[in-house]
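Visitor: Please read through the structure below; I'll follow up with questions.
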Amino acid sequence: MLAFIVQRLFQAIIVMFVVGLISFSLFQYVGDPVNNMLGPEGSIEERERLRERLGLNDPVPLQFMHYVGNALQGEFGLSYRMGKPVDELIVERLPATIELVFVSAIIALLVGVPMGVYTGLNRNSWLSRIFLTVSLVGISLPTFVIGILMILIFGVWLGWLPTFGRGGVVDLGGWQTSLLTLQGWSHIIMPAITLALFQLTLIMRLVRAEMLEVLRTDYIKFARARGLRNRAVNYGHALKNTLVPVITIMGLQIGSLLAFSIITETVFAWPGMGLLFLQGIAFVDIPVMSSYLVLMALFFVIINLIVDLLYYAVDPRLRAEHVGGAAH
Amino acid sequence: MRLSRFIPVLAAAVAAVLATGADADAKTFRYATTGDILGLDPHSNNEGPTNTMKGNIYGRLVHRKPDLSLVPDLATDWSRVNPTTWRFNLRAGVKFHNGNTFNADDVVYSFKRQTQESSEMAFALASVEEVRKVGDLAVEIVTKGPDPILLLNMPNFYMVDKEFMEANGAFEVVRGAGKTNFANLNPNGTGPFKIVEWVQDNRVVLAPYDGYWGKADLETNVTEAIFTPIPNNATRVAALLSGEIDLMYPVPLQDVPRLDADPNVKVLQGPELRTIFLGFDHWRDELLDLPGTGKNPFKDVRVRKAFAHAIDTKAIQRVVMRGASTPTGLMVAPGINGFQKDMNTPYAFDPEMSKKLLTEAGYGDGFPLTFDCPNDRYVNDEAICTAVVPMLERVGIKVTLNAQTKSLHFNKIGKTEGNNTSFYMLGWTPGSYDAYNPLQNLMTIDGKGQGAWNSGRYNNARVEELTDMIAVTVDEKKRNDLIREAFKIHYDEVGHIPLHQQALAWGISSKTVDKVWQRPFNDVDLRYVVMK
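Now the structure itself:
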């Protein structure tokens, strides 16, 4: 067990290092931050001075060494755009993104699972067909189109919901939450649904396929033969067995929710990490961009690590192989 | 579904909460643009939206009105004592937002702070030798030489409180790397509005400053202003249509007719001071696209003329800009000091003449050319370039369009890559509102601080000479003649091809906004916002 964890951690460190290196070298091609900081009107001498002060005249490997050294101490530098420490900016933005991802994950689960069960049980009902057709739209339309359509319908035509931003924010000891007020919910609901739509469809289809599979198995037939009620068979036996892969997929999908949130945040002007990153790109704000990429890589690595460990805990076969020592 | 029933209930509840919060006298003005301000230190950044915000909070000696005229702000009057010395009498009884009194010491201190190396605003005071206190409420500004445009730069000279800055150790202007700047987060000015809250990339909330010296004459009746950055064009339009904001800019050109059709919204359009132009490689002996030939066609004035006559600026205005631009023949816009109305005719569109000129120059079969263009900097920049390509191909030039993001574009055509371009697009607004600025930056190259964005290294001995004279000539008539001559030479030998001034487009809620002045430098000065 310990060897397994150590091995995984070692892999994680390598992944982090490679991501750091790649993201850092990518930034050599995004343009010169000095142009954005000074604007075209800045003089030649001003440019040189600023380049020197930012350390942009050092060779690239040296810049990377500095970067890694500082990152290990939790120092991500100062944003070129705002002159504030990057870690401070991330701490400010993280709650917005985490809440958005959290709410959309909940929506995806709470809506996706029942829909999946329903379509699995009532394969030929007209409602199932509607669910399946509509879910196709959810998968095939890009997120930003869905977001803008929702803004148009609920924000502009019906005027029920605010079209942009985050509101009703309450400070909970450093964590800025918008989940405690009605106004906060009115702001989060549209971006969260937009972000959830793809995952919702995925979960629904996954649950449906698993249900169809499980309902054909022998133990379900036995359960029915024993005269158990439909309800007990469907929910007590069938659904329980379909949820294992759903939980795994959901765990992994949280990573992509974080990644997809870039687009949703831009469309809804949601002040989270994704928006910070996109504005960082537009401004060639290298410290913000690299920190974001490294942080996202860290999230993915941690989620994967947890999923791996969960497998280890859940699946007895994985453990059994190691008991023999030389099983393979 | 449970969810669909939930939304209207929720929305109704929200509406109820919002309705009870509204106060009869409160006039909240909410406006949005593409990006957030960079900071609140008046001497740190020189960037459009940031300067606008600074103008609401800080006082200057001289204020520039929406019609570009100069009026007293913290100075009540001024006069030239001798060719290099100006005397400014200061307004009495002016208080900073923290209650401190404004006096001559603050002007001297602000001068020292703004002229630091790290200040981007130092350009406005580049010609100033020193600022001398000559009384508690009078200063003298001494220039290095006679400076004809000192007054034009005064609206860029921001006043800070000496005691406040010193107490917080904020003399140094900190930018980019190093440490965070106190003044960037804690503004203290003499302007009509003060900052209540700044949540980065989210909102800036302003409230009127009760102790503002000019409160009686202030046009605005706004009691609270909320500035929000909304980067996505469609979202910004939707926010205006749904009535969540009262003003937003820029309006994407394709949405102008749609917004105009909405009874609750109107679009305010006007010319901007920025001139969009095309530039040539004037200096390489061999064009980048013609390796091995030893030829640079652009060294021949006939080829440059052929290009100028091949481009249909009216078609660009009509089709690409949907009418929202003013075709131009000069490198400066109307309203800029030194603009010559009679010389502003664009080069005539005449492809036949263009072909003839190319044949005469020995390029009857054309030549290959890479066209460098930004795609996220100016209004419809890439679309303009895409329209120019077939116009040039019609006269035989084989154009490859290289449109890319602004930071890469500016790298390529700028000093970073040694002006690695043969033909490019650029836009320019003279920060000083004077013709000397483009002459210095775009049309000359040999002097110190000249030619920062003369990417094709256009060089004419007489224009260089004239520019140096314009810098120190105080007599307005004489100076104007020199500017005319320089522009005439530049026009006749097609140094650049000016295309147009792009139009400003603001979307305004006609239900809530009574009047707002649109200044040609595309900013919202809260002094001139009147709500219904």
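Listed in order, the protein sequences are those of chains P and R.
Each residue of the first sequence is one higher than the last, beginning at 839 in this note's numbering.
Each residue of the second sequence is one higher than the last, beginning at -3 in this note's numbering.
We put the CB at the ideal spot given by N, CA and C, even for glycine.
Let me see if you follow: with CB-CB separation under 9 Å, is E116 (chain R) close to chain P or not?
Guide: Cβ-Cβ to chain P under 9 Å: yes for E116 (chain R).
Visitor: Should I312 (chain R) be flagged as near chain P, meaning a C-beta pair shorter than 9 Å?
Guide: Answer no: the Cβ-Cβ gap between I312 (chain R) and chain P never drops below 9 Å.
Visitor: By Cβ distance, which residues of its chain are closer than 6 Å to V1161 (chain P), with the 5 residues on each side in sequence left out?
Guide: For V1161 (chain P), the pLDDT reaches just 49, beneath the cut-off of 50, and the residue's location in the model is therefore unreliable, although a value from the coordinates is still provided. Once the five neighbours on either side are set aside, V1161 (chain P) has no close Cβ partner at all.
Visitor: Taking 9 Å as the threshold (beta carbon to beta carbon), is E113 (chain R) in contact with chain P?
Guide: Interface residue, yes.
Visitor: Using only the alpha-carbon positions, how far apart do N398 (chain R) and K408 (chain R) sit?
Guide: Spanning the two alpha carbons is a distance of roughly 11 Å.
Visitor: Using a cut-off of 8 Å between C-beta atoms, extract the partners of R1067 (chain P) located in chain A.
Guide: Chain labels in this structure do not include chain A; the protein chains are P and R.
Visitor: Could you check which residue in R:P267, R:T396, R:N182 has the C-alpha nearest to that of N94 (chain R)?
Guide: The candidate whose alpha carbon is nearest that of N94 (chain R) is R:N182.
Visitor: Give the single residue among R:A344, R:L326, R:V90 whose Cα lies nearest to the Cα of I307 (chain R).
Guide: Checked all of R:A344, R:L326, R:V90; the closest Cα to I307 (chain R) is R:A344.
Visitor: Within the chosen definition, does the stretch 978 to 996 of chain P reach the stretch 1064 to 1083 of chain P through at least 3 CB pairs nearer than 8 Å?
Guide: Taking 8 Å as the limit for Cβ pairs, the verdict is that the stretch 1064 to 1083 of chain P does not touch the stretch 978 to 996 of chain P.
Visitor: Do three or more CB pairs link the stretch 437 to 449 of chain R to the stretch 495 to 508 of chain R at distances below 8 Å?
Guide: Cβ pair count under 8 Å is below three, so no.
Visitor: Is P933 (chain P) helix, strand or coil by DSSP?
Guide: Helix.
Visitor: Start and end of the alpha helix (DSSP H) containing D377 (chain R)?
Guide: Note, D377 (chain R): alpha helix (DSSP H), 377 to 390.
Visitor: Could you list which residues in chain R have their beta carbon closer than 9 Å to that of R887 (chain P), in chain order?
Guide: Within chain R, the residues near R887 (chain P) are E113, S114.
Visitor: Terminal residues of the continuous beta strand (DSSP E) containing T271 (chain R)?
Guide: Where T271 (chain R) is concerned, the enclosing beta strand (DSSP E) stretches over 261 to 276.
Visitor: Whole angstroms is fine: what's the gap from F902 (chain P)'s alpha carbon to R76 (chain R)'s?
Guide: If you take the alpha carbons of F902 (chain P) and R76 (chain R), they lie about 55 Å apart.
Visitor: Under the rule that 16 or more other beta-carbon atoms within 10 Å means buried, what is S403 (chain R), buried or exposed?
Guide: Its Cβ being crowded by 16 or more others within 10 Å, S403 (chain R) is buried.
Visitor: Indicate whether at least one CB of chain P lies closer than 9 Å to the CB of A8 (chain R).
Guide: Note that A8 (chain R) scores 47 on pLDDT, short of 50, meaning its location in the model is unreliable; the coordinates nonetheless yield the value given after this. Output row for A8 (chain R): interface = yes.
Visitor: Please confirm if R453 (chain R) has its CB atom under 9 Å from at least one CB of chain P.
Guide: Output row for R453 (chain R): interface = no.
Visitor: Does A221 (chain R) pass the burial test, meaning 16 or more other C-beta atoms within 10 Å, or should it be called exposed?
Guide: Buried, by the Cβ-count rule.
Visitor: Does L34 (chain R) come out as helix, strand or coil in the three-state DSSP assignment?
Guide: Coil at L34 (chain R), not helix or strand.
Visitor: If we count Cβ pairs, one from each stretch, closer than 8 Å, do we get three or more for the stretch 370 to 384 of chain R versus the stretch 410 to 428 of chain R?
Guide: The stretch 370 to 384 of chain R, when compared against the stretch 410 to 428 of chain R, does touch it at the 8 Å Cβ threshold.
Visitor: Can you check DSSP and say which residues form a bridge with S75 (chain R)?
Guide: R:R83, per the DSSP bridge assignment.
Visitor: Quick one: is L255 (chain R) near chain P, going by C-beta distance under 9 Å?
Guide: With 9 Å as the cut-off, L255 (chain R) does not count as an interface residue toward chain P.
Visitor: Terminal residues of the continuous beta strand (DSSP E) containing K190 (chain R)?
Guide: K190 (chain R) -> beta strand (DSSP E) spans 189 to 195.
Visitor: Would you call the CB atoms of P204 (chain R) and N229 (chain R) closer than 9 Å?
Guide: Going by C-beta atoms, P204 (chain R) is not nearer than 9 Å to N229 (chain R).
Visitor: Identify the continuous beta strand (DSSP E) that holds D510 (chain R) and give its terminal residues.
Guide: 509 to 512 is the extent of the beta strand (DSSP E) around D510 (chain R).
Visitor: Do L999 (chain P) and G993 (chain P) count as a contact pair if the criterion is CB distance below 9 Å?
Guide: Yes, the pair counts as a contact, with Cβ atoms nearer than the cut-off.
Visitor: If you measure from the beta carbon of G912 (chain P) to each beta carbon in chain R, is any gap under 9 Å?
Guide: So, not an interface residue.
Visitor: What number of angstroms, rounded off, separates the C-alpha of R961 (chain P) from the C-alpha of F969 (chain P)?
Guide: About 11 Å.
Visitor: Beta-carbon within less than 7 Å of S428 (chain R)'s beta-carbon, same chain only, minus the 5 sequence neighbours each way: which residues are those?
Guide: Hits under 7 Å: I145, L148, N149.
Visitor: Tell me which residues of the stretch 1090 to 1105 of chain P have at least one Cβ-Cβ distance to chain R shorter than 9 Å, keeping chain order.
Guide: So the list reads T1104, V1105, given in the order they occur along the chain.
Visitor: Can you list, in chain order, the residues of the stretch 453 to 468 of chain R whose Cβ is nearer than 8 Å to any Cβ on chain P?
Guide: From the stretch 453 to 468 of chain R, no residue has a Cβ closer than 8 Å to chain P.
Visitor: Given that I226 (chain R) touches chain P, what residues does it touch there, using C-beta distances under 8 Å?
Guide: Within 8 Å Cβ-Cβ: F1002, G1003, A1107.
Visitor: Starting from the beta carbon of Q901 (chain P), find every residue of chain R whose beta carbon is closer than 7 Å, and list them in chain order.
Guide: Here the premise fails: no neighbours, minimum Cβ distance about 12 Å.
Visitor: Consider the Cβ of Q1037 (chain P): report whether some Cβ of chain R lies at a distance smaller than 9 Å.
Guide: Chain R contact via Cβ: absent.
Visitor: With 9 Å set as the bound, which would you pick, yes or no: does the beta-carbon of I1041 (chain P) sit closer than that to a beta-carbon of chain R?
Guide: Not an interface residue.
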